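Undergrad:
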Amino acid sequence: MPIITISRGTLSGGQRTAECLAGALGYPCVGREILQEAARKVGVPVEDLSGKLEARPSLFARLTQERKRYLLAVQTALAEHGATGRLVYHGLAGQFLLRDLPGVLTARLIAPLEMRVRTLTSSHHRMTRKAAEEFVHNVDEERRRWVKLMYGADVEDPSLYDLTVNLESISLETACVIIAEAAAQPQYEVTDDVKKRLEDFATACREQLLQAGGG
Amino acid sequence: MPIISICRGTKSGGQAVAKCLAKQLRYPLVAREVVQEAASDLGVSEADLSRGMERTPRLWNRQSMERRLYIAAVRAALAEHVAGGDLIYHGRAGQVLLAGLPGVLKVRLIAPMGTRVKALMESDGMDSTSAEQYIRHVDGVRARWVRMMYGEDVEDPVLYNMVINLKTLSIPAACTIVTKAAEQPDFAVTDEVKARLIDFRLACRVKLGLARARDTRALNLQIEAHGGIVDVSGAAPALSSGKTGEQIVEVARSIQGVEEVRLRVEWFDPYP
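In the order they appear, the protein sequences are chains A and B.
If you use this note's numbering, the first sequence corresponds to residues 147 to 361, in order.
If you use this note's numbering, the second sequence corresponds to residues -9 to 262, in order.
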């Protein structure tokens, strides 16, 4: 079974699906904590790293070098986790950070706006409907622009993923079953060759990060 | 198990996946048949019906009436198959023709352009440039058609329950994944779902009946069925004869399975 990356908009049920998959496969599940590891690698507080990494596009030019190094640190931390081929990742840009590697299944979850807004207006968050809609819209928009700028791609484009699952009429449990079934297909088998490629990738990332002054 | 609707671009492997599913689940495979059935029902040729459906709309009432009739006939033909359940549909616009229906698993299959070009070169002996041109042309025609008819972007994943990319996954693998999804409780065909599919068939029959009848064919009305009760809504011109309402009811009541017609039409003055 391969590494599984889960991309999704905010409040689209990505984390719960990732946890369900990790539980079903007996894999570790990693999300935003990857940023902490990356921050340790470059010796800055995690807030600095995530702030600069996810900075508004208007600040991008000024931060280019630093951002590249931070992103490399994230990629290295992810590659190290993924070197065994056993991982469910639901953090930043998994579909790009592990692009073109064998033994990686990239999945995307989409959910109707209504469902996402409802989470925020529920008793737990107590947002007004308007504020909730604005919040979801803004986060989506920023993520879209970020991906466009960093990778020149549209984060919603299904051709970036092996599998896109729409949670409108599919439960999280079912999404978990479907993705696990995809991961069980022979195309994603982590053979010794694939494992070697994943290990080599982690090593290459570490070396690049060292050269860039981190790690 | 639900009805499975497969949408794909030309040479994206969708047809092979549909065939694999039909074999695995022992379901009938339906695609062009619905267009053929609609054409024979209306007494026109399949080519005429396809052309009429695809014609870009102009502000010309006769053409838009004809298109509405053709689409109603195709949808009604599909609804006849759908009401029986257990079906793989890989024809035109299943995701929009069957939108909102329960018990339907809507899947889109995509494949990288390079793979599609290679498939077309192998099957039709084309060179790579003309193969790519052809694929882009067909994709463009279909996308425009879905946008024109339904205002939707055929590539938008929101229209489907899942999108499978055949870049890494093989056709048998896609077939296995779709089968697994179809087995999940989210798509169970309960008695309630069955009743909805039968309601859908009745609504499609009524819509087709109205699109065919001389007195009602110019109207664009929404039809919903609940058991044998049919709700007709939408806006229609209040003509001086004052008989349009009666004519709608008469046409609808003549359709097999209709017990009662509830008219909820908003009448407007065509010559204000």
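Using N, Cα and C, we set each Cβ at its ideal position, and we do this for glycine too.
In this text, all values refer to a predicted model and were calculated from it rather than measured experimentally.
Select from the region 300 to 312 of chain A all residues with a C-beta closer than 8 Å to any C-beta belonging to chain B, and list them in chain order.
TA: Cβ contacts with chain B come from 302, 304, 305, 307, 308, 309, 310, 311, 312.
Undergrad: Since residue 256 of chain B sits in a beta bridge, which residues does DSSP pair it with?
TA: Answer is B:225, bridged to residue 256 of chain B.
Undergrad: Can you check DSSP and say which residues form a bridge with residue -2 of chain B?
TA: DSSP output for residue -2 of chain B lists B:99 as bridge partner(s).
Undergrad: Under 8 Å between the Cβ atoms of residue 255 of chain B and residue 242 of chain B?
TA: No, these two residues do not count as a Cβ contact at 8 Å.
Undergrad: What are the boundary residues of the alpha helix (DSSP H) that residue 30 of chain B is part of?
TA: Start and end: 23 to 32.
Undergrad: Between the region 55 to 75 of chain B and the region 272 to 291 of chain A, can you find at least three pairs of beta-carbon atoms closer than 8 Å?
TA: No, the region 272 to 291 of chain A is not in contact with the region 55 to 75 of chain B.
Undergrad: Along chain A, in chain order, which residues have C-beta atoms closer than 9 Å to that of residue 171 of chain B?
TA: Ordered by position in chain A, the residues that pass the 9 Å Cβ test against residue 171 of chain B are 311, 316, 320, 323, 324, 327.
Undergrad: Which residues, in order along the region 247 to 274 of chain A, keep a beta-carbon less than 7 Å from a beta-carbon of chain B?
TA: So the list reads 256, given in the order they occur along the chain.
Undergrad: List the residues that DSSP assigns as beta-bridge partners of residue 253 of chain A.
TA: The partner list for residue 253 of chain A (beta bridge, DSSP) reads A:152, A:309.
Undergrad: Quick one: what's got a C-beta closer than 6 Å to residue 178 of chain B's C-beta in the same chain, skipping five residues either side?
TA: Closer than 6 Å at Cβ, skipping near neighbours: no residue.
Undergrad: Taking buried to mean at least 16 other C-beta atoms within 10 Å of its own C-beta, is residue 246 of chain B buried or exposed?
TA: Flag for residue 246 of chain B reads exposed.
Undergrad: Could you tell me if residue 287 of chain A is buried or exposed, where buried requires 16 or more neighbouring beta carbons within 10 angstroms of its beta carbon?
TA: Looking at its Cβ environment, which holds fewer than 16 other Cβ atoms inside 10 Å, residue 287 of chain A is exposed.
Undergrad: Less than 8 Å between the beta carbons of residue 62 of chain B and residue 197 of chain B, yes or no?
TA: Going by C-beta atoms, residue 62 of chain B is nearer than 8 Å to residue 197 of chain B.
Undergrad: Is it true that the CB of residue 204 of chain B sits closer than 8 Å to the CB of residue 59 of chain B?
TA: No.
Undergrad: Considering only their Cβ atoms, is the gap separating residue 152 of chain B from residue 97 of chain B smaller than 8 Å?
TA: Yes.
Undergrad: Given this structure, state the Cα-to-Cα distance separating residue 318 of chain A from residue 328 of chain A, to the nearest angstrom.
TA: Distance between the alpha carbons of residue 318 of chain A and residue 328 of chain A: 15 Å.
Undergrad: Between residue 148 of chain B and residue 256 of chain A, is the Cβ-Cβ spacing less than 8 Å?
TA: Contact flag set, yes.
Undergrad: Would a check of beta-carbon distances place residue 241 of chain A closer than 8 Å to chain B?
TA: Residue 241 of chain A does not count as touching chain B.
Undergrad: How long is the line joining the alpha carbons of residue 157 of chain A and residue 249 of chain B, rounded to whole angstroms?
TA: The alpha-carbon atoms of residue 157 of chain A and residue 249 of chain B are separated by roughly 46 Å.
Undergrad: Does any C-beta atom of chain A lie closer than 8 Å to the C-beta of residue 97 of chain B?
TA: No, residue 97 of chain B does not count as interfacial toward chain A.
Undergrad: Looking at chain B, is there any beta carbon in it that lies within less than 8 Å of the beta carbon of residue 331 of chain A?
TA: With 8 Å as the cut-off, residue 331 of chain A counts as an interface residue toward chain B.
Undergrad: Whether or not the region 101 to 111 of chain B and the region 21 to 32 of chain B are in contact is what I'm after, with contact meaning three or more pairs of Cβ atoms, one per stretch, closer than 8 Å; do they touch?
TA: The region 21 to 32 of chain B, when compared against the region 101 to 111 of chain B, does not touch it at the 8 Å Cβ threshold.
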